[in-house]
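Participant: When we follow the numbering used here, the leftmost residue of the sequence shown carries the number 62, and every step to the right adds one. Glycine included, every Cβ here is placed at the ideal spot set by N, Cα and C. Sending over a structure as structure tokens; questions will come in a sec.
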Amino acid sequence: MSRSAAADEIILSYDDAVLRQSDLRILSGPRFLNDRIIEFYFSYLSSSSSSFPSEDVLLVPPSIAFWISNCPDADSLREFAQPLKLPERKIVLFPVNDNDDVEVAEGGSHWSLLAYHSGRNVFVHHDSLGGMNKRPARRLYWVLAKLMGKDADAAAVEYKEHADSPLQQNGYDCGLFVIATARAICSWYDEYLKRTGLNGDAAAVDEELWFSAVKEQVTKESAGKLRGEIRDLITSLMEKRKS
């Protein structure tokens with residue numbers, strides 16, 4: 062087998078996520094995370110939590126978030142988004158990429174996270190480079206605001222740049238910060254339901270939402286450790302599939 066073929070070999074299929082040998086190499090060194098790794102961990106995070114109903118929280122794969130942001134036809138977009146059941150969700154998390162060329166697969170140079178809370182009808186943008194992805198995040202927000210079903214006026218859906226988002230200290234850990242922030246938000250929602258017994262829509266939601274959880278759980282150290290944690294998780298799942 063040639064080196065390029067070996068690098069492209071499928072090593073794990075998890076739900077709809079397909080990982081290849083080259084993805085393990087990305088996780089072994091200081092490299093930019095690709096779509097596949099983020100999609101895999103989002104799938105794992107969705108399926109591994111039994112504390113809240115699966116229909117409450119949706120972690121959207123990067124490819125779908127990118128397509129929503131760049132779909133040129135409103136009717137096609139609405140039809141495409143219907144199976145996602147966006148208006149029925151409590152929390153929806155969208156990876157944001159700065160790729161603006163729909164002809165280039167897995168393009169772009171920066172990841173951030175756009176998080177939606179239905180009870181507050183608000184999108185919050187978490188960017189580990191202090192707003193570098195503000196433009197693509199707002200573009201995705203304007204498209205999504207028309208799909209959430211909260212109000213006929215998309216302007217009624219609030220948008221916030223979270224100024225206190227944890228910051229990366231290098232040029233390649235942005236994807237890890239997206240994953241770490243998504244995990245912290247899911248953890249916050251889990252604890253919120255346990256604490257209140259509410260369904261996630263209630264007006265009793267703290268004004269700061271998940272911000273304290275993100276601040277406590279997402280640091281450059283915890284994000285950096287995620288690289289090894291995800292690699293070990295993939296290896297463990299591969300071994301289980303073999304046994």
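#1: In terms of residues, what are the limits of the alpha helix (DSSP H) holding A224?
#2: Check this for me: beta carbons of D234 and P197, under 9 angstroms apart or not?
#3: Look up W271 in the DSSP assignment and say whether it is helix, strand or coil.
#4: Kindly indicate the opening and closing residues of the beta strand (DSSP E) around N231.
#5: Rounded to the nearest angstrom, how far is the Cβ of V121 from that of V153, given a contact under 8 angstroms?
#6: When burial is assigned at 16 or more other CB atoms within 10 Å of the CB, is M209 buried or exposed?
#7: With burial defined as no fewer than 16 other Cβ atoms inside 10 Å of the residue's Cβ, what is the status of E100: buried or exposed?
#8: What's the gap between the Cα of E222 and the Cα of R150?
#9: When the Cα atoms are used, what is the spatial distance from L298 to N95?
#10: According to DSSP, is V204 part of a helix, a strand, or is it coil?
#11: Of all Cβ atoms in chain C, is any one closer than 9 angstroms to the Cβ of W271?
#12: Report whether the distance from the Cβ of A224 to the nearest heavy atom of the ligand GTP is below 8 angstroms.
#13: Of all the options I291, K255 and I246, which has the alpha carbon lying nearest to the alpha carbon of L270?
#14: Which value, in whole angstroms, describes the spacing of the CA atoms of A142 and I87?
#15: Reducing DSSP to helix, strand and coil, say where R288 ends up.
#16: If you draw a straight line from the C-alpha of D117 to the C-alpha of A126, how long is it?
#17: Between which two residues does the alpha helix (DSSP H) holding P156 run?
#18: With a threshold of 8 angstroms on Cβ separation, who are the neighbours of E219 within its own chain once the five nearest residues in sequence on each side are excluded?
Facilitator: The structure says:
#1: Membership of A224 in any alpha helix (DSSP H) is not indicated, and neither H nor E is assigned to it by DSSP.
#2: No, the Cβ-Cβ distance between D234 and P197 is not below 9 angstroms.
#3: Coil at W271, not helix or strand.
#4: Neither: N231 is in no beta strand (DSSP E) and is coded neither H nor E.
#5: 7 angstroms
#6: The residue is buried, with at least 16 neighbouring Cβ atoms inside 10 Å.
#7: For E100, the number of other beta carbons within 10 angstroms of its own is at least 16, and it is reported as buried.
#8: 21 angstroms
#9: In this structure, the CA atom of L298 is about 19 angstroms from the CA atom of N95.
#10: helix
#11: The displayed structure is made up of one protein chain only, and chain C is not part of it.
#12: Summarising the ligand content, the structure contains no ligands, and the ligand GTP is consequently not present.
#13: I246
#14: 31 angstroms
#15: helix
#16: 18 angstroms
#17: Taken as a continuous stretch (DSSP letters only), P156 belongs to no alpha helix (DSSP H), being part of the beta strand (DSSP E) at I152 to N158.
#18: Hits under 8 angstroms: R181, N182, V183 and F184.
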